[in-house]
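Below is one structure; the comments refer to it alone.
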C-alpha cells in the first residue's frame, strides 16, 4: 500500500502527555549536559533545556501507509515556545499532517503539533517536523516549498564544539525513542549504515545547548524558537561544532562534524 495522501489536513485525536523532573533531567543527560550544567541535570534549582519542547509535544501521529520503517529518517524539526517549560508538567497535543511532497527518490511528509498546558489550556508549544521516506517518491506530486536560507558572508559570531559519547544514543533513547536504528547493528545495516546512528533529535538537542549558552545567556526563558534541517547522520562518539551568526534577536546556525560534513543545515533560532 502506498502512502495515504488522504491524511493531509486532517487533525488527529488529541493526545495527553505528562513528564516529571526525572524525565527532564534524563533528557539533559541524553543530549550531553554535564557538570557545568547542573541546573539542567540535577534537581537543585532545576530548569529545562528548551529543546525538550519537541519531546513534550510529540503525539502518536497518523498512520501514513505501509512502508519499510528502516527507510524513514527525520528530515526537519522546528519548535516555538510560548513560555519556559516547567521541570514537571503536562500538555494536550493535537497534530496534523500538513503535506506529502514528491522528492523523486522519496517522499517528504510534514506535520504540525500544537500543545496546550493541561491545567490552564494556554498555548505552550508549536512543533513542526518532517520525515523523509526513501523509495516512496515518484508519485507526481508537488516538491514542496523552498527555503532561501543562506549563511552570512562573514565568520561566525560564535563557534562551539561539543563531543558526543560512544554510548550517547543508548542514554538518549531512554527519553522515549526506541527506534532500533540507534541501537541495533543489524537494523542499522538494513538502512545502509555500518553501525547505529545517533538520533537526529539528540544532535538537535546538543545544538540547542550550544545556542542556549552562546546567545541566550544560558537562560531558557529567553529561548523562543529553533528550526533546522537534518542533512547527514552522526555516529555516537563524533564531535559536533555549531557555527552561529547573530543579528539582533535573529540567529542563524549550522552544525557540522570534525571533517566539515554539515549535519544540521538552514538553522534558525529566536531569542528574547
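Numbering (UniProt numbering), first residue to last: 1 to 272. Every residue gets a Cβ at the ideal spot worked out from N, C-alpha and C, and that includes glycine.
If you check the CB distance, residue 75 and residue 230 come in under 7 Å.
Ranked by Cα distance from residue 225, the first of 145, 14, 49 and 25 is 49. The beta carbon of residue 41 sits closer than 7 Å to those of 25, 28, 29 and 33, all from its chain and outside the five residues before and after it, given in chain order. A direct Cα-to-Cα measurement between residue 151 and residue 218 gives close to 24 Å. Cβ atoms of residue 133 and residue 67 come within 8 Å of each other, at about 6 Å. The DSSP-derived three-state label of residue 32 is coil. Membership of residue 200 in the alpha helix (DSSP H) is indicated by the continuous run 200–215. Residue state for residue 186 is assigned as helix, using DSSP reduced to three classes. Residue 188 and residue 204 have their C-alpha atoms some 20 Å from each other. In the structure shown, residue 169 adopts helical secondary structure according to DSSP, grouped into three states.
Residue 116 places its beta carbon 7 Å or farther from that of residue 162. Here residue 142 is exposed, its C-beta having fewer than 16 other C-beta atoms within 10 Å.
Distances from the alpha-carbon of residue 37 to those of 213, 57 and 198 put 213 closest. The beta carbon of residue 80 sits closer than 6 Å to the beta carbons of 126 and 225 from its chain, once the five residues preceding and following it are set aside; these are given in chain order. Rounded to whole angstroms, the gap between the alpha carbons of residue 262 and residue 256 is 4 Å. Contact annotation: residue 202 and residue 31 have beta-carbon atoms nearer than 7 Å.
Annotation for residue 8: 97, 98, 99 and 100 place their beta carbon closer than 8 Å to its own, counting only its chain and skipping 5 residues before and after.
When DSSP states are grouped into helix, strand and coil, residue 178 belongs to the coil group.
Taking a C-beta distance under 7 Å as the contact criterion, residue 144 and residue 107 do not qualify as a contact pair. The beta-carbon separation of residue 93 and residue 57, rounded to 5 Å, stays under the 8 Å limit for a contact.
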